[in-house]
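Residues 37 to 828 (my numbering) are what the sequence shown spells out, left to right.
Even glycine gets a Cβ: it sits at the ideal position worked out from N, Cα and C.
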Amino acid sequence: MKPFKPQRLALLISMAFTAPMLMAQQSTDVGRINVEGQPGGTDTGMISQEETPKARSSVGRQFMEKLNPTANAFQIIDILPGVNTFNYDATGLFGGGIRIRGFAGDQLGMTINGAPVNDSGNFAVYPQEYTDTENLCEVFVTQGSTDTDSPHVGASGGNIGMVTCAPKDTFGVRAAQSFGQLNYRRSFVRLDTGKVGPSNLKAFISYSKATAEKFKGAGGADRDHIDMAVEVRPNTDVFLSASLLYNNAINNNIRALSNPQIAQYGRNFDFSTVVPQHLTAVAGTAQTETVPADGFYKFNINPFRNYLFTSKAEFKVNKDLTLSAEPYYWYGFGTGGGQIQQLTEGGTGTNVTRLKDLNGDGDTLDKVLAYGSSVTETNRPGVTFKVNYRIDNHTVNAGYWYERANHRQTGPRVAFDNNGNSSNTWLDNPAAFLQRPDGQAFQARDWRTISTGKSLYVQDTIALMNDKLMLQIGGRNATIDRDFTNYANAQSSSATGRSDADYQIKRSYSKFLPSAGVKYNLDTQKSVFFNVAENFKAPGNFSFQNLLQGGTVANGVLTGATLRNPVVGIETSTNMDLGYRLQTESTTLSGSVFMVNYKNRIASAFNPETALSVDYNVGDVSLKGVELEADQKLNKNFSLYGSMSYTESKMKQDLRLSSTLTEATAGKNFPDTPKWMAAMALSYKEGPWFGQLTAKYTGKAFATLVNDQQMDGYTLLNLAAGYKLPSTGFFKAPEVRLNVDNLANTDYQRISSPSGSQFTVRALPLGTLAGSNPFYYIGAPRFVSVTLRSDF
37 MKPFKPQRLA
47 LLISMAFTAP
57 MLMAQQSTDV
67 GRINVEGQPG
77 GTDTGMISQE
87 ETPKARSSVG
97 RQFMEKLNPT
107 ANAFQIIDIL
117 PGVNTFNYDA
127 TGLFGGGIRI
137 RGFAGDQLGM
147 TINGAPVNDS
157 GNFAVYPQEY
167 TDTENLCEVF
177 VTQGSTDTDS
187 PHVGASGGNI
197 GMVTCAPKDT
207 FGVRAAQSFG
217 QLNYRRSFVR
227 LDTGKVGPSN
237 LKAFISYSKA
247 TAEKFKGAGG
257 ADRDHIDMAV
267 EVRPNTDVFL
277 SASLLYNNAI
287 NNNIRALSNP
297 QIAQYGRNFD
307 FSTVVPQHLT
317 AVAGTAQTET
327 VPADGFYKFN
337 INPFRNYLFT
347 SKAEFKVNKD
357 LTLSAEPYYW
367 YGFGTGGGQI
377 QQLTEGGTGT
387 NVTRLKDLNG
397 DGDTLDKVLA
407 YGSSVTETNR
417 PGVTFKVNYR
427 IDNHTVNAGY
437 WYERANHRQT
447 GPRVAFDNNG
457 NSSNTWLDNP
467 AAFLQRPDGQ
477 AFQARDWRTI
487 STGKSLYVQD
497 TIALMNDKLM
507 LQIGGRNATI
517 DRDFTNYANA
527 QSSSATGRSD
537 ADYQIKRSYS
547 KFLPSAGVKY
557 NLDTQKSVFF
567 NVAENFKAPG
577 NFSFQNLLQG
587 GTVANGVLTG
597 ATLRNPVVGI
607 ETSTNMDLGY
617 RLQTESTTLS
627 GSVFMVNYKN
637 RIASAFNPET
647 ALSVDYNVGD
657 VSLKGVELEA
667 DQKLNKNFSL
677 YGSMSYTESK
687 MKQDLRLSST
697 LTEATAGKNF
707 PDTPKWMAAM
717 ALSYKEGPWF
727 GQLTAKYTGK
737 AFATLVNDQQ
747 MDGYTLLNLA
757 AGYKLPSTGF
767 FKAPEVRLNV
777 DNLANTDYQR
787 ISSPSGSQFT
797 VRALPLGTLA
807 GSNPFYYIGA
817 PRFVSVTLRS
827 DF
């Protein structure tokens, strides 16, 4: 089906901006009035009326309540300015990717209730692992400038924050059931205690179960999720809270495709359903079991479980001084990727690269298929201490953040049978691991990274000119200490180094990050602001792999190897915003011009000399553009939100892959960064009826560093429509809601960039330079679901 014309959407967006500005010129409203607690007095739930002197956007309950209930955080913020997201399917259960002003997910700090949830090793984010939308009250984005008090050492491009709702003051139960295409099923129930006892304790606990099939190929997703929270306010000076989330999910991967594969096999080409078979073992004969070209869907899965505990103890010492402590603890365990592996029995390398007889035929001559992939287990406690002090016209915020993440990464292998059943799907049972001749478990990688993050910050907000002028000056010193241990493992030796002997390396990365902002109120409704801030990102722990070079192997022992230093340094960015805001009873508008310079960008690139993707500092990038958003209450029934983003991105240097090989990237556009994006949300309510239509245009973008392949632009339409039934008997405020994602059934595709910063250098061979085809995720087709919900 042909996509919705972007010109039509551009017209609607321009109306969204022009109407409120024209109306504002005639307005005599004074101050800010929120209708029913909704941002800007509208019904869309978008664009809160901000006081900060930096670009910031947010999404509230009004918008989230109209989404498919399994929508993840990336889907929630999709239509905000500067936000470029892609989800692997409509339900959100399979995950997705994000860029904001060209910065990828692993360059954006992400928090839940103030606790960081980026991977502690490579800073990647996995939006399907976090929360249920029914328990979220706000998701906010700071485009470009990371907050001064943020607990991040890997956020060079801003931050995303999720804030869960507090327990309700009154007792109640909410239940919801969703059905849809692809055997989509979701059940949700939440219990609130209401206020209990003299300390006004209140709590909630919720549980959800969601399943769905893939929109192409065999397999699906299965997710169990629990959220709980408690608040206690013993008196007016003390506030205590805690929350816990638990997530346990397993989903089949959705296959990414190259353009030649799409042309040959079609957009629905996926992993094979044919079970790989072991050969009948024959003693004394060298046998080879080959990895199927199209894999096997049951061995392309992503099992993951995680817990996050957050808490807060806040004490009001007096009317001017407040102290707080916010401890948290994150645990995660999981694996992913393709699990079919070919192992070679015997071997002539070091002991750790050898394997015993795997197929039981009495020899070590064979190449045998096994099940296995990379396993990651993380234990991550941390705490933030905060002080808020008011003196005269100053409000001073200061604090200290500390965490110690124990990041264990291994690569075990286990057996599987000819029915497609592995002996240990989660790879969490050492008794099932295949062994080396010395009786130890074979590991394709074996690392431990202790990452100690610290940040000391202070920020002073100064009110001047009878509160017309606000100055905000801050700074934080952010540090991460990496203690990386490589235990001898069988990771393939390469031109970049080897891992078949123990080594340890420690590095510390630190940066002082100043920020300054100013906001001036032109009158009670209009203001201008300017902000400048420096951010940084430390190298991921993958920069410490394969650091051994040279050496000789005798009797299975490596000697004479040397340990080289990691070559990847920190990435820094300087972000500047100049903006304007209009805030009235029914209109909220915000626009900004931005410029970002970031240096020593860290990215993974494919080196044709070594046939490996490795991390590089690949030079500097400049970004500049315009972002606009507006929300207008048209009348008592309709509200309209619109956003628009224009981004210019340029790489400043050629990419040097080695001492002899350079790629011509200077002056090229940064991949996966559209120049144009625009979005709108039209909200409707009358009596028991409500609805919302959203449209998002994502412009064309390049897929490679040398810009020799690009993705076409596309527009997606999503519809929500519902009816609130009258309360009766046991049911309170029941409602039924229809959601249609990708209403026009638009065909589209987005680049597959695993951690957000990995790109193909070039798609096409040119002279002596090798090329490789970029891979794309196929956009999900139209998806229809229905949700029934009621309070009790």
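Per-residue DSSP class, three states only, for residue i
| i | result |
| --- | --- |
| Thr701 | coil |
| Asn455 | coil |
| Phe795 | strand |
| Ser826 | strand |
| Val494 | strand |
| Ala468 | helix |
| Ser546 | strand |
| Asn571 | strand |
| Ser626 | strand |
| Glu771 | strand |
| Glu621 | coil |
| Val820 | strand |
| Ser679 | strand |
| Phe578 | helix |
| Phe332 | coil |
| Phe478 | coil |
| Gln14 | Because the chain in this structure spans residues 37 to 828, residue 14 falls outside the shown range and cannot be described. |
| Met501 | coil |
| Ser685 | strand |
| Ala212 | strand |
Closest residue to residue i among the options (Cα-Cα distance)
| i | options | result |
| --- | --- | --- |
| Gly145 | Leu357, Gly180, Gln164 and Met501 | Gly180 |
| Pro550 | Lys562, Tyr556, Asn567 and Asn502 | Asn567 |
| Thr515 | Lys490, Thr595 and Ile498 | Lys490 |
| Leu761 | Asn754, Leu753, Pro770 and Thr740 | Pro770 |
| Asn743 | Tyr784, Val266 and Ala700 | Ala700 |
| Asn611 | Thr730, Ser658, Pro710 and Tyr124 | Ser658 |
| Ala468 | Ala451, Ser681 and Gln479 | Ala451 |
| Val161 | Pro187, Phe110, Thr182 and Thr184 | Phe110 |
| Glu381 | Leu405, Gln785 and Asp777 | Leu405 |
| Phe130 | Arg444, Ile290, Arg512 and Gly253 | Ile290 |
| Thr184 | Gly132, Gln495 and Val411 | Gln495 |
| Phe565 | Thr598, Asn522 and Ser628 | Ser628 |
| Val310 | Ala329, Asp708 and Pro817 | Ala329 |
| Asn104 | Asn525, Asp517 and Ala757 | Ala757 |
| Thr169 | Thr384, Met100 and Gly475 | Met100 |
| Val632 | Asn557, Ala107 and Gly661 | Gly661 |
| Leu401 | Leu237, Arg484, Lys392 and Val189 | Lys392 |
| Tyr425 | Phe351, Ser410 and Glu362 | Phe351 |
| Ala717 | Asp205, Gly727 and Lys686 | Gly727 |
| Thr121 | Gly408, Ala140 and Thr106 | Ala140 |
| Phe307 | Thr412, Ile337 and Asn433 | Ile337 |
| Lys231 | Asp260, Val266, Lys252 and Ala254 | Val266 |
| Pro203 | Met82, Gly118, Gln527 and Phe240 | Phe240 |
Which residues DSSP lists as bridging residue i, in chain order
| i | result |
| --- | --- |
| Tyr243 | Val225 and Ile262 |
| Ile814 | Gln785 |
| Glu607 | Lys573 |
| Glu249 | Gly256 |
| Met747 | Ala737 |
| Arg390 | Its beta-bridge partners do not exist; DSSP assigns none. |
| Lys555 | Met506 and Phe565 |
Supposed close pair residue i, residue j - CB separation, criterion 8 Å
| i | j | result |
| --- | --- | --- |
| Asp147 | Cys173 | Checking the sequence shown, residue 147 turns out to be Thr, not Asp. Actually they are not in contact, since the Cβ atoms of Thr147 and Cys173 sit about 14 Å apart, beyond 8 Å. |
| Gln689 | Leu618 | Contact flag wrong, Cβ pair sits at about 40 Å. |
| Glu915 | Leu227 | No answer is possible for residue 915: it lies beyond the span of the chain, which begins at 37 and ends at 828. |
| Lys547 | Ile606 | 6 Å |
| Tyr365 | Pro417 | 5 Å |
Complete alpha helix (DSSP H) runs within the segment 78-149 (minimum length 4 residues, chain order): If you keep only unbroken alpha helix (DSSP H) runs of at least 4 residues inside the segment 78-149, you get 97-100 and 109-112.
Whole beta strand (DSSP E) elements within the segment 334-363, 3-residue minimum: Note on the segment 334-363: whole beta strand (DSSP E) runs with a minimum of 3 residues are 337-352, in chain order.
Length-filtered (3 minimum) beta strand (DSSP E) runs lying within the segment 256-327: The beta strand (DSSP E) runs of length 3 or more contained entirely in the segment 256-327 are, from start to end of the chain, 256-271 and 274-288.
Contained beta strand (DSSP E) runs [length at least 3] in the segment 394-435, N- to C-terminal order: Counting whole runs of 3 or more residues, the segment 394-435 contains the beta strand (DSSP E) stretches 403-408 and 411-427.
3-residue-minimum beta strand (DSSP E) runs that sit fully inside the segment 145-175, ordered along the chain: Considered as a whole, the segment 145-175 harbours 145-148 as its complete beta strand (DSSP E) runs of no fewer than 3 residues, in chain order.
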